[in-house]
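Numbering (the working numbering), first residue to last: 450 to 713.
Right under this line is the structure:
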């Protein structure tokens, strides 16, 4: 499902627990990759995929690609925290999804490095047929017959942009950012689902997944280190995790009456 939707709870299987352990081990091993110092290493380039900060969305709408959804006051603090985290990094290129929440998250990073924010349409949120509706815990969406036809294939998925199409456009955006910042570092601000899908592809995991288990918290960095044109490692950091409400953190369960646990 798209990022700010929610699914019903189910038991976590032994397989899922094993996968989560392996994922955590990969992340812990790779975290230093996200901190790679590119100074003096012309063949090393780091591209940071940043998820935007919290959005003002009191109605809990699955806003998707709809315009007009801006960062909340807390979301702006998250964006500032990301900028502080990257202040001493060798950032030479900042690019973002065309949606307001991504542009607003990118702005403090660009300002701190004296750069403009470029736009790449390929970084946009995944398309979703439930856009503009509420779709979460306790709202009865799964009991509505009109919705059933969109829930027939979780492997594609049937309710939105195919995962493989997200991989293609996101890999294109990553490679373009790499070329723009060759030998330095780039920041690309995007959205949870596309970030998680491209990371899953690079780390050779299946693309279909339980949305609750995405490791892509608000204002987090998923960092791809290139040696030449090849990705050699992936790192993950959460510089603003103390600002993220517990029910919105990676792995949190949906909470009735709260913002959706994987808000786009």
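Don't be surprised by glycine CBs; every beta carbon is placed ideally from N, CA and C.
Residue i classed as buried or exposed, judged by whether at least 16 other C-beta atoms fall within 10 angstroms
| i | result |
| --- | --- |
| residue 645 | buried |
| residue 674 | buried |
| residue 479 | Its pLDDT being 43, under 50, residue 479 is placed unreliably by the model, and nothing is read from it. |
| residue 565 | exposed |
| residue 563 | exposed |
| residue 613 | exposed |
Residues bridged to residue i [DSSP beta-bridge criterion]
| i | result |
| --- | --- |
| residue 682 | 674 |
| residue 637 | 498 and 544 |
| residue 493 | 676 |
| residue 567 | 544 |
| residue 520 | 504 |
Residue i: CB within 7 Å of a non-hydrogen atom of the ligand SAM
| i | result |
| --- | --- |
| residue 547 | Looking at this structure, you won't find the ligand SAM or any other ligand, since it has none at all. |
Cβ neighbours of residue i in the same chain (closer than 8 Å, five flanking residues each side left out)
| i | result |
| --- | --- |
| residue 698 | 666 and 690 |
| residue 474 | With a pLDDT of 43 at residue 474, under the threshold of 50, the modelled position of that residue is not reliable, and the figure given next carries that caveat. Answer for residue 474: no residue qualifies. |
| residue 635 | 494, 495, 496, 497, 540, 541, 542, 543, 544, 626, 627 and 629 |
| residue 508 | 583 |
| residue 580 | 451, 511, 512, 513, 514 and 515 |
Residue nearest to residue i in terms of C-alpha spacing, selected from the options
| i | options | result |
| --- | --- | --- |
| residue 647 | 490, 496 and 559 | 496 |
| residue 669 | 563, 507, 678 and 642 | 642 |
| residue 517 | 505, 525, 524 and 533 | 505 |
| residue 491 | 563, 536 and 676 | 676 |
| residue 527 | 575, 616, 617 and 553 | 553 |
CB of residue i within 8 Å of CB of residue j, strictly
| i | j | result |
| --- | --- | --- |
| residue 671 | residue 683 | yes |
| residue 551 | residue 501 | yes |
| residue 529 | residue 547 | no |
Neighbourhood of residue i by C-beta, 7 Å cutoff - its chain only, sequence neighbours within 5 removed
| i | result |
| --- | --- |
| residue 621 | 571 |
Own chain residues within Cβ distance below 6 Å of residue i, not counting five before or after
| i | result |
| --- | --- |
| residue 569 | 544 and 622 |
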